[in-house]
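Notes follow once the structure below has been shown.
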Amino acid sequence: AGIREIVAANTGALGLTRILPGGGEIFISNISGEMFRYALIHEIGHTVDFYVADHGLRQEFYSLFDRNPNNHVTAYSMTSPAEDFAETFAQYLTNRDALLARAANSPVLMRKIEIIEEILGISRG
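Below is the structure:
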């Protein structure tokens with residue numbers, strides 16, 4: 002099935018990333034403005050997760066997944082480790098100051114942020 006058919010089967014999705022050997026596809030629904038920007042960054046987060054992240058860092062991030070809302074950036078991030086990564090990635094790039102303030106009360110969320118920074122080669126030091 003093509004990506005348009007996959008998206009059609011996932012009604013309500015703002016975007017979709019299809020990971021393929023040697024490449025992938027990102028599809029964004031017919032949205033605009035800030036929703037488009039956020040959905041695109043979220044889907045790029047999936048791409049970073051699958052293609053860029055060091056296997057050990059990816060495993061560590063996934064091992065931090067739980068159902069505690071304090072350790073997540075959105076309700077959607079609680080649906081799976083992959084969505085947790087993409088949502089945390091998107092929040093980091095779009096709303097970093099608020100994310101860091103929230104993480105000050107959650108060592109688990111702070112570690113997730115640190116892992117994303119390691120993957121991206123970013124140092125707050």
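The opening residue of the sequence shown carries number 2 in our numbering; numbering runs sequentially from there. The beta carbon of each residue, even a glycine, is placed where N, CA and C say it ideally should be. These figures come from a predicted structure and were not determined experimentally.
Beta-ladder partner(s) of residue i, from DSSP
i	result
L17	F28
Pairwise C-alpha distance: residue j and residue i
i	j	result
A105	M111	7 Å
F86	I20	15 Å
T95	S30	19 Å
F62	R68	14 Å
A14	S81	15 Å
N72	A83	15 Å
L101	V74	10 Å
I27	S107	31 Å
Y52	P22	10 Å
A91	R38	10 Å
Proximity winner among the options, relative to residue i (alpha-carbon distances)
i	options	result
A45	F62, Q60, L58, G24	The displayed chain sequence assigns Ile, not Ala, to residue 45. Among F62, Q60, L58, G24, the Cα nearest to that of I45 belongs to G24.
D50	R125, I120, Q92	I120
M36	P22, I20, G16	G16
I123	Y93, I42, T80	Y93
E115	I32, A54, S33, G34	A54
V109	Y39, L65, H43	L65
E88	H56, R125, T48, L58	T48
E118	I32, R59, A40, R38	R59
As assigned by DSSP and simplified to three states, the class of residue i
i	result
H73	coil
D50	helix
I123	coil
T89	helix
P82	helix
S64	helix
H102	Strictly speaking, residue 102 in this sequence is Ala, with His absent from that position. It is helical.
G23	coil
Residues near residue i in its chain [Cβ-Cβ closer than 6 Å; skip 5 each side]
i	result
S33	none
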